[in-house]
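Numbering (our numbering), first residue to last: 106 to 307. Beta carbons: idealized from backbone N, C-alpha and C, even for Gly.
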């Protein structure tokens, strides 16, 4: 397996450094107890007005029909590798506040925060999450009867890291290549846009 731990410029929590998104997954189920804890972590995420606008549709390989149905809601390029994960999920967001039915501009942010909680909990348990924007929201709405004002936003493959050598060449390279990120001075500003904050300049 490749070494994918983040090479950070400053210290961060081990779980954040260890988290990454593989394409290769083992043919090994994730226990129901672990899955419950992953979604419990999402449950306790922060949200605007405690709205909790996140929802998840989940399918495991134990139920082949449900798994294939959810798999069909991913774009073809994601189906190629995600079919090997033992668990798939769709992350669905409620776009209106329940309190007044006005647009919730924080909803997508809050869904992302909940999914981040879920991902950190997974990492703590040796489980990997690969989130993807490449889904078919309209197909998901039809297949799963997703109501108006809710939208399937992202997909997730959930499982244990597999052998990247089993992947097609393009995906294999992605799993084997070290992780990279923009340096802080390219996105942490002070005073005005584009001016790197002196806080993060070495």
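Residue i burial status per 10 Å Cβ neighbour count (16 or more: buried)
i: residue 106; result: With a pLDDT of only 40 at residue 106, under the threshold of 50, the placement of this residue in the model should not be trusted, and no figure is reported.
i: residue 137; result: exposed
i: residue 165; result: buried
i: residue 120; result: exposed
i: residue 250; result: exposed
i: residue 135; result: buried
i: residue 272; result: buried
i: residue 140; result: buried
i: residue 209; result: buried
i: residue 55; result: An answer regarding residue 55 cannot be provided, because it is not within the stretch 106 to 307 covered by the chain.
i: residue 162; result: buried
i: residue 309; result: Since the displayed the chain opens at 106 and closes at 307, residue 309 lies outside it and no answer follows.
i: residue 204; result: exposed
i: residue 124; result: buried
i: residue 226; result: buried
Residue range of the alpha helix (DSSP H) that includes residue i
i: residue 140; result: 137-148
i: residue 183; result: 181-187
i: residue 164; result: Element bounds for residue 164: not the alpha helix (DSSP H) but the beta strand (DSSP E), 159-165.
i: residue 199; result: It is not in any alpha helix (DSSP H) - residue 199 instead sits in the beta strand (DSSP E) that spans 192-199.
i: residue 171; result: 169-176
i: residue 121; result: 119-123
Contact under 9 Å by Cβ, residue i with residue j
i: residue 212; j: residue 220; result: no
i: residue 239; j: residue 160; result: no
i: residue 215; j: residue 152; result: yes
i: residue 147; j: residue 223; result: yes
i: residue 190; j: residue 235; result: yes
i: residue 233; j: residue 127; result: yes
i: residue 150; j: residue 229; result: no
i: residue 269; j: residue 108; result: no
i: residue 248; j: residue 178; result: yes
i: residue 265; j: residue 131; result: yes
i: residue 193; j: residue 260; result: yes
Cβ distance (whole Å) where residue i is taken to contact residue j below 8 Å
i: residue 246; j: residue 262; result: The Cβ separation is near 21 Å, so there is no contact.
i: residue 175; j: residue 188; result: Not quite, the Cβ-Cβ distance comes to about 11 Å (not below 8 Å), so this is no contact.
i: residue 241; j: residue 180; result: 7 Å
Proximity test, Cβ basis, 9 Å: residue i and chain B
i: residue 173; result: Of the protein chains in this structure there is only one, and it is not chain B.
- Task: Could you pull out every unbroken alpha helix (DSSP H) segment of at least 4 residues lying fully inside the region 204-291, listed in chain order?
- Result: 212-229, 242-249 and 274-281
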